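Asks: This is the structure, below, for whatever I ask next.
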Amino acid sequence: MPDRRSPTQPGSSDAQQRPEPEEAASAQAAAAPSLTDRLRDGAARTGLRTARRLSPGLAERVRRLADPAGGPDAPADLAPRLPALTLLLLAAGEEVDEARRRMPGLTRGAGEPTRRGLRSARRIAAVLAAAERPRMTESALRALPPLPPPYASSLGGAVAVRRARILFEQGRMAEAEAEVRPFTAGHGVAALMYERLRGERRALGPLPALPGREDPPLDPVPGRVLHLVSNALPKTSAGYTVRTHRIVTAQRDAGLDPSVAAFPGWPLDAPPGTAGRYELDGIGYHRVHPGRELPGGLAGQIDAGVEAVCALARELRPGVLHAATDHRNGSIAVAAGARLGLPVVYEVRGFLEETWLSAAGEAARGGERHRLIVERESALVRTADAVVTLSETMRAELVARGAEEDRIVLAPNAVDPALLDARPDGDAFRCAHGLEPGDFVVGSVSSIVGYEGFTTLVRAVGLLRDRGVPAHLLLVGDGKARPEVEAAVRDLGLSELCVLPGRVDRDEALRAQAALDVLVVPRADERVCRLVTPLKPVEAMALGTPVVASDLPALRELLCGGEAGLMVPPGEPGPLADALQRLREDGELRAGLAAAGRTEVAEHRTWPRVAAVYRDLYTRLAP
Numbered sequence: 001m002p003d004r005r006s007p008t009q010p011g012s013s014d015a016q017q018r019p020e021p022e023e024a025a026s027a028q029a030a031a032a033p034s035l036t037d038r039l040r041d042g043a044a045r046t047g048l049r050t051a052r053r054l055s056p057g058l059a060e061r062v063r064r065l066a067d068p069a070g071g072p073d074a075p076a077d078l079a080p081r082l083p084a085l086t087l088l089l090l091a092a093g094e095e096v097d098e099a100r101r102r103m104p105g106l107t108r109g110a111g112e113p114t115r116r117g118l119r120s121a122r123r124i125a126a127v128l129a130a131a132e133r134p135r136m137t138e139s140a141l142r143a144l145p146p147l148p149p150p151y152a153s154s155l156g157g158a159v160a161v162r163r164a165r166i167l168f169e170q171g172r173m174a175e176a177e178a179e180v181r182p183f184t185a186g187h188g189v190a191a192l193m194y195e196r197l198r199g200e201r202r203a204l205g206p207l208p209a210l211p212g213r214e215d216p217p218l219d220p221v222p223g224r225v226l227h228l229v230s231n232a233l234p235k236t237s238a239g240y241t242v243r244t245h246r247i248v249t250a251q252r253d254a255g256l257d258p259s260v261a262a263f264p265g266w267p268l269d270a271p272p273g274t275a276g277r278y279e280l281d282g283i284g285y286h287r288v289h290p291g292r293e294l295p296g297g298l299a300g301q302i303d304a305g306v307e308a309v310c311a312l313a314r315e316l317r318p319g320v321l322h323a324a325t326d327h328r329n330g331s332i333a334v335a336a337g338a339r340l341g342l343p344v345v346y347e348v349r350g351f352l353e354e355t356w357l358s359a360a361g362e363a364a365r366g367g368e369r370h371r372l373i374v375e376r377e378s379a380l381v382r383t384a385d386a387v388v389t390l391s392e393t394m395r396a397e398l399v400a401r402g403a404e405e406d407r408i409v410l411a412p413n414a415v416d417p418a419l420l421d422a423r424p425d426g427d428a429f430r431c432a433h434g435l436e437p438g439d440f441v442v443g444s445v446s447s448i449v450g451y452e453g454f455t456t457l458v459r460a461v462g463l464l465r466d467r468g469v470p471a472h473l474l475l476v477g478d479g480k481a482r483p484e485v486e487a488a489v490r491d492l493g494l495s496e497l498c499v500l501p502g503r504v505d506r507d508e509a510l511r512a513q514a515a516l517d518v519l520v521v522p523r524a525d526e527r528v529c530r531l532v533t534p535l536k537p538v539e540a541m542a543l544g545t546p547v548v549a550s551d552l553p554a555l556r557e558l559l560c561g562g563e564a565g566l567m568v569p570p571g572e573p574g575p576l577a578d579a580l581q582r583l584r585e586d587g588e589l590r591a592g593l594a595a596a597g598r599t600e601v602a603e604h605r606t607w608p609r610v611a612a613v614y615r616d617l618y619t620r621l622a623p
């Protein structure tokens with residue numbers, strides 16, 4: 001790192017701080033690419049574009065010609081350029097692993113301390129810079145001699161960025177930061193990643209000291225509430241955004257006056273000039289700096305969010321700030337609430353660190369990122385004036401993290417009471433996707449991610465097929481695990497029995513729900529699934545669709561201890577197939593589960609009931 005001491009500090013001097021003009025010019029010249037380097041870089045980029053357009057047959061002929069092992073057709077004057085040309089062809093063909101395997105041989109001559117070796121190293125460096133394949137670059141840098149500054153910064157920075165991304169995905173944030181720090185001056189992506197990593201670390205861990213109250217004091221309007229969320233309908237359609245909109249419309253119908261503000265920068269792809277405010281079903285939604293890449297990483301976004309929320313609150317004059325998962329929104333709310341003298345509600349809809357672990361793996365549990373997220377989330381539930389969560393299972397977890405039990409209020413996932421009497425056209429959905437009215441159809445409407453366990457459901461349908469029990473799978477939605485599910489369908493030869501239509505809109509999702517004979521929630525035995533209750537089973541229960549779910553605490557609570565659905569061991573296709581077969585063959589059991597589910601929803605899980613909970617909470621918090 002450069003010496004940033006002031007000349008007035010001990011041990012500093014003008015000579016230490018400012019090099020002589022001749023020295024500065026010399027250093028700048030050494031760092032700048034020469035004309036030859038620039039021509040070489042341009043030739044590499046042009047060659048790469050040309051190689052990508054070659055036909056497979058011609059590309060193979062050129063590769064044989066370019067093989068550094070030599071061949072009868074290789075011109076002698078081409079030999080010094082063969083390693084770089086071979087790398088260029090491998091990069092054009094996306095053959096990164098083959099390039100890595102051959103790298104020691106390709107870079108052998110480039111390691112010689114001769115003029116010819118240096119030229120070879122620069123040719124290879126030019127190809128690597130044009131190809132932008134960090135894994136290839138990483139292999140090459142182990143074998144190449146020290147490169148001139150332009151290449152050292154460009155290629156070293158690319159490798160550092162790749163390593164930092166891997167470290168960040170593993171939750172090793174300080175190591176990721178250290179990886180890119182040396183390249184911040186000469187590599188734009190490394191500098192941007194360094195800023196983001198620093199911002200992420202600053203935004204996690206213990207809460208900073210809260211600001212003092214500002215003057216003049218806010219004059220809040222009774223019953224007015226400002227919700228802070230990560231994203232919103234209609235741009236983002238997910239369980240999170242649906243819950244937000246159902247809450248605020250139910251609150252309005254209950255006599256409250258809600259507005260919604262999204263996290264700064266959302267949506268990231270908003271074009272210039274996107275309006276800051278829009279309405280959806282009469283509810284005011286506010287975008288904060290939409291589409292802007294704010295400086296300072298996550299911490300900078302939170303700082304900007306605090307300023308924006310304070311300004312918006314002075315305009316709207318809410319009596320409560322109500323932030324929903326995750327810590328980003330909560331951090332904005334507690335800081336803005338302290339400045340404005342407003343009570344803060346923090347609504348825990350899930351556990352970010354557990355969702356992240358489902359992708360990062362259990363090895364990351366207790367690591368730096370996991371620990372810092374838990375620290376920040378725990379600090380928020382201890383600091384907020386009240387905490388809202390979805391279930392008793394989640395309440396117990398929050399108490400274990402230090403939240404006071406008497407400040408936690410339950411507002412479960414719910415439905416519009418009209419859904420209890422709705423009759424979405426499930427037959428039409430079946431017909432549109434090749435399913436007959438009399439088919440026994442099981443499945444789900446859901447994001448297709450690993451912890452949902454849908455490969456277990458595919459295997460269960462395969463077992464039913466093997467038993468001679470006719471069953472069809474309907475899985476509506478999309479997500480990262482979809483290729484894995486599709487592969488399981490192919491491997492088991494179930495393509496004739498499985499329908500995966502992808503993502504659909506809200507109305508089609510309800511018709512898809514109605515098309516099911518049984519909704520299946522085959523969640524994996526992961527901590528996030530043991531803690532968090534999903535929304536889709538509540539909708540299925542309201543429609544009178546029987547539910548089969550993994551026997552996990554959150555799902556067992558949702559299904560009334562198994563009275564409103566069948567519980568099966570998670571991750572086991574055999575017991576799941578048994579439960580589905582029971583329901584196919586026992587109409588009385590199906591009817592009993594459907595009735596129990598509808599009763600649970602009608603008595604405890606409608607949005608007007610939940611809105612009354614919020615109204616009572618806001619009344620208690622009013623100054």
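Residue numbers for the sequence shown, in UniProt numbering: 1 to 623.
C-beta: ideal position from N, C-alpha, C; glycine also.
Owing to the predicted nature of the structure, the values given are computational and were not obtained by experimental measurement.
Considering only their Cβ atoms, is the gap separating P470 from F440 smaller than 7 Å?
Replies: Result yes, Cβ atoms of F440 and P470 sit closer than 7 Å.
Asks: Report the option in V610, R277, G47 and G117 whose CA atom is closest to the CA atom of L87.
Replies: Nearest of V610, R277, G47 and G117 to L87, Cα basis: G47.
Asks: Are at least three pairs of beta-carbons, each pair with one atom in the segment 489-501 and one in the segment 517-530, less than 8 Å apart?
Replies: Touching, no, given that fewer than three Cβ pairs across the two stretches are closer than 8 Å.
Asks: Could you check whether the segment 606-619 touches the segment 202-220, counting it as contact only if at least three pairs of C-beta atoms, one from each stretch, sit closer than 8 Å?
Replies: Judged by Cβ distances under 8 Å, the segment 606-619 makes no contact with the segment 202-220, as fewer than three pairs qualify.
Asks: DSSP puts H472 in a beta bridge; with which residues?
Replies: DSSP lists V441 as partners of H472.
Asks: For L90 and A121, which I take to be in contact (beta-carbon distance under 8 Å), what is that distance rounded to the nearest angstrom?
Replies: 17 Å between Cβ atoms; not a contact.
Asks: Taking the alpha-carbon positions, what's the A250 to P608 distance?
Replies: Near 6 Å, if we compare the C-alpha coordinates of P608 and A250.
Asks: Comparing C-alpha positions only, which one of G291, V601 and H286 sits nearest to A308?
Replies: Minimum Cα distance to A308 is reached at H286.
Asks: Would you kindly work out how many angstroms separate the C-alpha atoms of T599 and G205, rounded to a whole number?
Replies: Straight-line Cα distance between these residues: approximately 43 Å.
Asks: Answer yes or no: does any C-beta atom of chain B fall closer than 7 Å to that of G284?
Replies: Within the model displayed, chain B is absent; a lone protein chain is all it includes.
Asks: Please confirm whether any heavy atom of the ligand SAH lies closer than 6 Å to the CB of P412.
Replies: The ligand SAH is not part of this structure, which contains no ligands at all.
Asks: Return helix, strand or coil for V518, following the three-state DSSP convention.
Replies: Of the three classes helix, strand and coil, the one that applies to V518 here is strand, per DSSP.
Asks: Helix, strand or coil for I408, going by three-state DSSP, please let me know.
Replies: Strand at I408.
Asks: What residue range does the beta strand (DSSP E) around L280 cover?
Replies: Its beta strand (DSSP E) spans residues R277 to L280.
Asks: When the distance is taken between beta carbons, is P264 closer than 7 Å to A304?
Replies: The answer is yes: Cβ separation under 7 Å.
Asks: Which residues in the same chain as P258 place their Cβ atom closer than 7 Å to its Cβ, once the five residues preceding and following it in sequence are excluded?
Replies: Cβ neighbours of P258 beyond the five flanking positions: V225, H227, V248, Q251, R252 and I283.
Asks: Relative to the C-alpha of E436, which residue among C498, V409 and L380 is closest?
Replies: Selected option, being the one with the closest Cα: C498.
Asks: Can you list the alpha helix (DSSP H) stretches of 4 or more residues lying completely in the segment 449-494, in chain order?
Replies: Runs of the alpha helix (DSSP H) inside the segment 449-494: 454-467 and 482-491.
Asks: Please confirm if the segment 568-575 is in contact with the segment 377-388, defined as three or more CB-CB distances below 8 Å between the two stretches.
Replies: Segments in contact, no.
Asks: Grouping DSSP H, G and I as helix and E and B as strand, with all else coil, what is S259?
Replies: Strand.
Asks: I'd like the list of long-range same chain contacts for T244, defined as Cβ closer than 6 Å, with 5 residues on each side in sequence excluded.
Replies: So the list reads V229, once near-sequence residues are dropped.
Asks: Below 7 Å between beta carbons: does that hold for A514 and P424?
Replies: Yes, they are a contact pair.
Asks: Per DSSP, what kind of secondary structure is V568 in: helix, strand or coil?
Replies: Residue state, collapsed to three classes: strand.
Asks: Would you mind stating whether M541 and G592 have Cβ atoms separated by less than 7 Å?
Replies: Contact flag unset, no.
Asks: Is the separation between the beta-carbon of G171 and that of H370 shorter than 7 Å?
Replies: Their beta carbons are under 7 Å apart, which means G171 touches H370 by this criterion.
Asks: Kindly indicate which three-state DSSP category G561 falls into: helix, strand or coil?
Replies: Three-state result, G561: helix.
Asks: Going by alpha carbons, who is nearest to V538 out of V320, L256, P417 and R467?
Replies: Considering only alpha carbons, the answer is P417.
Asks: Counting C-beta neighbours from all protein chains within 10 Å, is the total for I166 16 or more, i.e. buried, or is it exposed?
Replies: It is exposed - the Cβ of I166 has fewer than 16 other Cβ atoms within 10 Å.
Asks: Given 8 Å as the limit, is there contact between the segment 356-369 and the segment 178-186, that is, 3 or more CB pairs closer than that?
Replies: No contact exists between the segment 356-369 and the segment 178-186.
Asks: Going straight from the alpha carbon of P145 to that of R108, what length do you get?
Replies: Whole-angstrom Cα-Cα distance: 10 Å.
Asks: Counting only the same chain and skipping the five closest in sequence on each side, list residues whose C-beta sits under 8 Å from that of P575.
Replies: For P575, where only same-chain residues beyond five positions count, the Cβ hits under 8 Å are V568 and P569.
Asks: Expressed to the nearest angstrom, what Euclidean distance is found between the alpha-carbon atoms of L552 and T393?
Replies: Their backbone Cα atoms lie some 10 Å apart in a straight line.
Asks: Using only the alpha-carbon positions, how far apart do G477 and R142 sit?
Replies: If I take the Cα positions, the gap works out to 44 Å.
Asks: So what's H289 in DSSP terms, helix, strand or just coil?
Replies: Of the three classes helix, strand and coil, the one that applies to H289 here is coil, per DSSP.
Asks: Using 10 angstroms around the beta-carbon of K480, count the other beta-carbons present and answer buried if the total reaches 16, otherwise exposed.
Replies: Exposed is the call here.
Asks: Jot down the residue ranges of each uninterrupted alpha helix (DSSP H) in the segment 335-404, minimum 4 residues, whole runs only, in chain order.
Replies: For the segment 335-404, whole alpha helix (DSSP H) runs of length 4 or above, ordered along the chain, are 352-360, 368-383 and 392-400.
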